[in-house]
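Asks:
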Amino acid sequence: MSAPLEQPPASTKGFSMTTSFPVTTGLRFRHASALAGGLGLAACLVLTLAFAGPLRAADDPVLAKVNGAEIKKSDVTMAEEELGPSLAQMDPATKDENVLSFLIDMKIVAKAAEDKKVADGDDFKKRMAFARNRLLMDSLLAQEGKAATTDDAMKKVYEEASKQITGEQEVRARHILVETEDEAKAVKAELDKGADFAELAKKKSKDPGSADGGDLGFFTKEQMVPEFSAVAFSLEPGKISDPVKSQFGWHIIKVEEKRNRKAPEFDQVKPQIEQYVTRKAQADYVAKLRAEAKVERLDQPAADASKDAKPADAAKDAKPADAKPADSKMAPPAKK
Numbered sequence: 001m002s003a004p005l006e007q008p009p010a011s012t013k014g015f016s017m018t019t020s021f022p023v024t025t026g027l028r029f030r031h032a033s034a035l036a037g038g039l040g041l042a043a044c045l046v047l048t049l050a051f052a053g054p055l056r057a058a059d060d061p062v063l064a065k066v067n068g069a070e071i072k073k074s075d076v077t078m079a080e081e082e083l084g085p086s087l088a089q090m091d092p093a094t095k096d097e098n099v100l101s102f103l104i105d106m107k108i109v110a111k112a113a114e115d116k117k118v119a120d121g122d123d124f125k126k127r128m129a130f131a132r133n134r135l136l137m138d139s140l141l142a143q144e145g146k147a148a149t150t151d152d153a154m155k156k157v158y159e160e161a162s163k164q165i166t167g168e169q170e171v172r173a174r175h176i177l178v179e180t181e182d183e184a185k186a187v188k189a190e191l192d193k194g195a196d197f198a199e200l201a202k203k204k205s206k207d208p209g210s211a212d213g214g215d216l217g218f219f220t221k222e223q224m225v226p227e228f229s230a231v232a233f234s235l236e237p238g239k240i241s242d243p244v245k246s247q248f249g250w251h252i253i254k255v256e257e258k259r260n261r262k263a264p265e266f267d268q269v270k271p272q273i274e275q276y277v278t279r280k281a282q283a284d285y286v287a288k289l290r291a292e293a294k295v296e297r298l299d300q301p302a303a304d305a306s307k308d309a310k311p312a313d314a315a316k317d318a319k320p321a322d323a324k325p326a327d328s329k330m331a332p333p334a335k336k
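Heads up: the sequence shown begins at 1 in full-length UniProt numbering, then just goes up one per residue.
1) I'd like to check one pair, proline 243 with alanine 184: are the Cβ atoms closer than 8 Å?
2) Contact check, glycine 249 vs leucine 177 under 8 Å by CB: the rounded distance?
3) Under DSSP, the beta strand (DSSP E) around residue 340 begins and ends at which residues?
4) Which residue spans inside the stretch 185-231 form an unbroken alpha helix (DSSP H) run of at least 4?
5) Which partner residues of lysine 254 appear in the DSSP bridge assignment?
6) Using the C-alpha atoms, what's the distance from glutamine 268 back to alanine 210?
7) Where does the unbroken beta strand (DSSP E) through glutamate 70 begin, and where does it stop?
8) Taking C-alpha atoms, which residue in Glu81, Lys95, Thr94, Phe102 lies nearest to isoleucine 71?
9) Check valine 62 in the structure and name its three-state DSSP category.
10) Mind pulling the alpha helix (DSSP H) runs of 4 or more residues that sit fully within the stretch 244-296?
11) Assuming contact is defined by CB atoms lying nearer than 8 Å, are alanine 64 and leucine 87 in contact in what I supplied?
12) What's the C-alpha gap between arginine 134 and phenylalanine 218?
13) Give every residue of the same chain whose Cβ lies closer than 7 Å to the Cβ of alanine 241, excluding the five residues on either side of it in the sequence, and list them in chain order.
14) Closer than 7 Å by C-beta to lysine 95: which residues in its own chain qualify, once you throw out the five before and the five after it? Chain order, please.
15) Taking the beta carbon of aspartate 123 as the centre, do at least 16 other beta carbons fall within 10 Å, making it buried, or is it exposed?
16) Does the beta-carbon of glutamate 257 have 16 or more other beta-carbons within 10 angstroms, so that it is buried, or is it exposed?
17) Would you kindly check if the distance between the Cβ of tyrosine 285 and the Cβ of glutamate 144 is under 8 Å?
18) With 16 as the cutoff for other CB atoms within 10 Å, does isoleucine 108 come out buried or exposed?
19) Suppose you measure from the CA of alanine 69 to the CA of valine 62; what does that come to, to the nearest Å?
20) Could you round the C-beta distance between lysine 239 and valine 255 to whole angstroms and report it? I think they count as a contact, below 8 Å.
21) In chain order, what residues of the same chain have a beta carbon less than 6 Å from the beta carbon of serine 162, not counting five sequence neighbours either side?
22) How would you write the range of the alpha helix (DSSP H) that lysine 126 sits in, first residue to last?
23) By Cβ distance below 6 Å, which residues in the same chain neighbour serine 229 in space, the five residues on each side in sequence not counted?
Listed below in structure tokens is the structure:
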């Protein structure tokens, strides 16, 4: 579908199906890698490795030793996960070499820091405690999310979301986009004389989709700007519109097909459903724990503090259509 015509989603609230399953986004913690700059990557990696499950020696060879301390393959793998985007452009061999070199330097510098008793400082202890709590939270929520993503749970979400789109009409259309009304009238005149729409779109249209003969694929009314949708959905298949003005310019529209929309197959949207179920389970779990905890907000007057709604109240009644799985400030991105 052509990007310039697409409307932004009306809402990301809850879970619904448009052409795909959008996953609700909201305030949430970034992954533990975000701690690398503020807390020191060394602390994060040490803590992360402490929670990693044991591997057999054959699966986890020692790659280097620094003053007798081993660096294993699993250390490199974990570091690559933590460093994330900064390594995205590297080929695997270069990535592994750079990360191993980094871990060697990290062990050397960490040992020097220990000798200087850096870890005894109050600031370091606070940062280490924060990193530990963060990793504990991430690890537990990853477990909760994984436990929630059963086939039955995902299929239930799929079935409920599928009901929301039953019978909705879709149109498949082509268009030619030009800058002025005079240009649009000239294009329409050529079409009236028998010019091929797709070929004319390739030659005349300013839209990025012109290479496909102006084909926009199937879309619903909400997915296009109102002026465009109003005309496209009023035309019968095979018919061509007069010039239509929108914020993008002037369009000539040809409707190719109309159909009642169907939900995508479960397997097509399973990854998005899994992400949704995971995030919702994590947010609901945090809401439950928070409701059970004694939280005292000392940064605001008692009257204001009493107005704070308990997240669990909303979570108990949440349905896939109106739940907001990632709106909890504690909810992290989905982890597997």
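Quick reminder that beta carbons are idealized off the backbone N, C-alpha and C, glycines included.
Replies: On the basis of the data shown:
1) yes
2) 5 Å
3) Because the chain spans 1 through 336 in this model, residue 340 falls outside it and cannot be assessed.
4) 197-204
5) Arg174, Ile240
6) One point to set straight first is that residue 210 is serine, not alanine, in the sequence displayed. If I take the Cα positions, the gap works out to 27 Å.
7) 69-72
8) Phe102
9) strand
10) 266-292
11) no
12) 44 Å
13) Looking at the sequence shown, residue 241 is not alanine but serine. Closer than 7 Å at the Cβ level, and outside the excluded window around serine 241, lie Val231, Leu235, Ile252, Ile253.
14) Glu80, Leu87
15) exposed
16) exposed
17) yes
18) exposed
19) 10 Å
20) 6 Å
21) Ala263
22) 122-148
23) Lys221
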